[in-house]
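Asker: Every number in the numbering used here is 7 more than the matching position in the first sequence, counting from 1.
We put the CB at the ideal spot given by N, CA and C, even for glycine.
As the structure is a prediction and not an experimental result, all values here were calculated from the model.
If you scroll down you'll find the structure; I have some questions about it.
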Amino acid sequence: MKRHWLFKSEPSSYSWDDLVQDEVAEWDGVRNYTARNLLRDAIKIDDLVLFYHSNSKPSAIIGIARVVKNGYPDHTAWDLGSEHPDPKSSPENPIWYMVDITPVRKFTREISLSEIKAVPELSEMVLVKQSRLSVQPITHQEFEVILKLSESD
DNA sequence: GCCAACGTTGGC
DNA sequence: GCCAACGTTGGC
8 MKRHWLFKSE PSSYSWDDLV QDEVAEWDGV RNYTARNLLR DAIKIDDLVL FYHSNSKPSA
68 IIGIARVVKN GYPDHTAWDL GSEHPDPKSS PENPIWYMVD ITPVRKFTRE ISLSEIKAVP
128 ELSEMVLVKQ SRLSVQPITH QEFEVILKLS ESD
């Protein structure tokens, strides 16, 4: 059963254009246990991901990506030269996990956070309720509503 | 740049 | 195990 997710990224650190250029991205650096559990256990190949730019002007959903690799240990955690080292994690006992994603398509129209907040059907989104979670589930209904919005004028 | 919300750490 | 202190995220 295909599920839907929303991944947040600050465009100054990793943007939609970076993803397009890389073609496939390791979604590394997630250091939150709730998000880690989703990456490790729930997010599977072919699931679709809404790509969200946070700390942006405006913060908005930019497009859709697809999961191309199931959860596996985030090796940047034990690379002390990486941007998110965690000395407690090791290849023998990994703490943090990631998946790989690839871009599917950019929205013809970005969906900003303020627009999302204005739509009653989207009022229960994790993005609205618990904005800080960087990897979050999206219901099928929410996904459809957002897709329709992105295709409207 | 401010600050509210949230998660983590560590003393007790 | 509680909770105060602290650090981070991210909207505004």
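1) Buried or exposed: which applies to TYR40, given that a residue is buried once 16 or more other Cβ atoms fall within 10 Å of its Cβ?
2) Should HIS60 be labelled buried (16 or more other beta-carbon atoms within 10 Å of its own) or exposed?
3) Determine the DSSP secondary structure at HIS91, reduced to helix, strand or coil.
4) Determine the burial state of GLU117: buried for a count of at least 16 other Cβ atoms within 10 Å of its Cβ, exposed for fewer.
5) Apart from the five residues just before and just after ASN77, which ones in its own chain have a Cβ nearer than 8 Å to its Cβ?
6) Classify VAL142 as buried or exposed, calling it buried when 16 or more other Cβ atoms lie within 10 Å of its own Cβ.
7) Starting from the C-beta of LEU129, find all residues in its chain whose C-beta is less than 8 Å away, skip the five residues before and the five after it, and write them out in chain order.
8) Does LEU57 pass the burial test, meaning 16 or more other C-beta atoms within 10 Å, or should it be called exposed?
9) With distances taken from CA atoms, which of SER63, VAL111, ALA125 is nearest ARG73?
10) If I'm right that ALA42 touches LEU140 with Cβ under 8 Å, what's the distance once you round it to whole angstroms?
11) Is PRO94 near PRO80, with beta carbons less than 8 Å apart?
Answerer: By the coordinates alone:
1) The residue given as residue 40 occupies position 33 in the first sequence. It counts as exposed.
2) As a first step, residue 60 is located in the first sequence; it is residue number 53 there, counting from the start. HIS60 should be labelled buried.
3) As a first step, residue 91 must be located in the first sequence, where it is residue number 84. Coil at HIS91, not helix or strand.
4) The residue you call residue 117 lines up with position 110 of the first sequence. The residue is buried, with at least 16 neighbouring Cβ atoms inside 10 Å.
5) Here residue 77 corresponds to residue number 70 of the first sequence, with the count starting at 1. Cβ neighbours of ASN77 beyond the five flanking positions: ILE50, LYS51, ILE52, VAL106.
6) Locating residue 142 in the first sequence gives position 135, where the first residue counts as 1. So VAL142 counts as buried.
7) By 1-based counting over the first sequence, the position of residue 129 is 122. Hits under 8 Å: ILE123, VAL135, GLU149, VAL152, ILE153.
8) The count along the first sequence starts at 1 and reaches residue 57 at position 50. When all chains shown are included, LEU57 counts as buried.
9) Walking along the first sequence from the start, residue 73 turns up at place 66. Nearest of SER63, VAL111, ALA125 to ARG73, Cα basis: VAL111.
10) For this step, residue 42 is matched to residue 35 along the first sequence. For this step, residue 140 is matched to residue 133 along the first sequence. Right, their Cβ atoms sit about 6 Å apart.
11) The sequence position of residue 94 within the first sequence is 87, counting from 1. The sequence position of residue 80 within the first sequence is 73, counting from 1. No, Cβ-Cβ distance for PRO94 and PRO80 is not below 8 Å.
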